[in-house]
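Engineer:
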Amino acid sequence: MDIIIRLFLRLKSFFHTYVNINISNDMTVPGVITPYGKMVYFSSEEKKIFVKSLTAWEMDVYLLLLEGYTVMEISHKLHIGYIVANKYQKSICRKLKINTRSEIIMNYRDIGAG
Numbered sequence: 017m018d019i020i021i022r023l024f025l026r027l028k029s030f031f032h033t034y035v036n037i038n039i040s041n042d043m044t045v046p047g048v049i050t051p052y053g054k055m056v057y058f059s060s061e062e063k064k065i066f067v068k069s070l071t072a073w074e075m076d077v078y079l080l081l082l083e084g085y086t087v088m089e090i091s092h093k094l095h096i097g098y099i100v101a102n103k104y105q106k107s108i109c110r111k112l113k114i115n116t117r118s119e120i121i122m123n124y125r126d127i128g129a130g
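Residue 52 in this note's numbering sits at position 36 of the sequence shown, with consecutive numbering throughout.
1) If you measure between the beta carbons of I127 and V67, is that distance less than 8 Å?
2) Going straight from the alpha carbon of N115 to that of L94, what length do you get?
3) Tell me where the alpha helix (DSSP H) around D126 begins and ends.
4) Give the DSSP-derived three-state secondary structure of I60 in the structure shown.
5) Note down the Cα distance separating Y78 from Q105, rounded to an integer number of angstroms.
6) I need the DSSP call for E83, collapsed to helix, strand or coil.
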């Protein structure tokens, strides 16, 4: 199973590839491989629900992250401290079920503000 997932993650196409991954003999999970090779298990509708769960401040930071701003640039632009902006980013990642700032751009660019 690990080998199959690694092969899918290495795929780099310009279209989303919809796949079914067998987790075990009796369980199959639908997934999407993004154009960047990242495996995502959430549909567009699920992502929109995640984005709508963000607070107003988190939404401001989220939109700036989508534009490619760094946390330091966001803190200056929104006139908040770096630590506060970083906490918002961590909260956003937790709510959107991702790990890094680059995953926000890769997985949520097509969703935008929801």
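Beta carbons are placed, not taken as given, at the ideal position from N, Cα and C, and that holds for glycine.
Structural biologist: With the given structure in hand:
1) To locate residue 127, count along the sequence shown from 1; it is residue 111. To locate residue 67, count along the sequence shown from 1; it is residue 51. Against a cut-off of 8 Å, the Cβ pair of V67 and I127 comes out as a contact.
2) Here the question's residue 115 lines up with position 99 in the sequence shown. Here the question's residue 94 lines up with position 78 in the sequence shown. If you take the alpha carbons of N115 and L94, they lie about 23 Å apart.
3) In the sequence shown, residue 126 corresponds to position 110, counting from 1. Premise fails: D126 is in no alpha helix (DSSP H) and is neither H nor E.
4) Residue mapping note: residue 60 aligns to position 44 of the sequence shown, counting from 1. Inspection of the sequence shows that residue 60 is occupied by Ser rather than by Ile. Here S60 sits in helix by DSSP.
5) Taking the first residue of the sequence shown as 1, we reach residue 78 at position 62. Taking the first residue of the sequence shown as 1, we reach residue 105 at position 89. Using only the alpha carbons, I get a separation of about 7 Å.
6) Residue numbering aside, residue 83 sits at position 67 when the sequence shown is read from its first letter. Here E83 sits in coil by DSSP.
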